[in-house]
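All letters in the sequence shown, in the order written, are residues 356 to 432 by the numbering used here.
Backbone N, C-alpha and C fix where the C-beta goes; we use that ideal spot for every residue, glycine too.
To keep things clear, I will list the structure first and then write my remarks on it.
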Amino acid sequence: RFNRLTWGYVDPNRPQGVIGAGMENGELALWDPSKILAGAEYSLILRNTQHTGLVRALDFNPVQSNLLASGAMAGEV
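So, in structure tokens, the structure goes:
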């Protein structure tokens, strides 16, 4: 289940940007919105399971847009 969502522009090859999601189970996921809109079978770009608890914060860096910061329970960053 989603807990945090953010939308950022990380790469000129992805003109519609990237949707980032932080899940209740600690998982982070990135999706390609252009593929979602086109109804493509696979729109997932990346799945990360480094956090062990609920993702409480998620945002792309406004200065260096290819950086995504996340924070989870128990002070995980």
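Between which two residues does the beta strand (DSSP E) harbouring residue i extend?
{"i": "Ala376", "result": "Val373 to Met378"}
{"i": "Leu413", "result": "Val410 to Phe415"}
Applying the criterion that 16 or more other CB atoms from any shown protein chain within 10 Å of the CB defines a buried residue, is residue i buried or exposed?
{"i": "Ala427", "result": "buried"}
{"i": "Gly381", "result": "buried"}
{"i": "Gly363", "result": "buried"}
Starting from residue i, follow the alpha helix (DSSP H) in both directions and report where the run begins and ends.
{"i": "Ser389", "result": "Pro388 to Ala393"}
Which of helix, strand or coil does DSSP assign to residue i?
{"i": "Gly430", "result": "helix"}
{"i": "Gly363", "result": "strand"}
{"i": "Asn403", "result": "strand"}
{"i": "Arg356", "result": "coil"}
{"i": "Arg369", "result": "coil"}
{"i": "Leu422", "result": "coil"}
For my contact list, residue i and residue j are in at a C-beta cut-off of 8 Å; report their separation, rounded to the angstrom.
{"i": "Glu379", "j": "Leu409", "result": "5 Å"}
{"i": "Arg402", "j": "Ala384", "result": "5 Å"}
Validate contact between the region 408 to 415 and the region 367 to 387 using beta carbons, cut 8 Å, 3 pairs: Verdict: yes, contact present.
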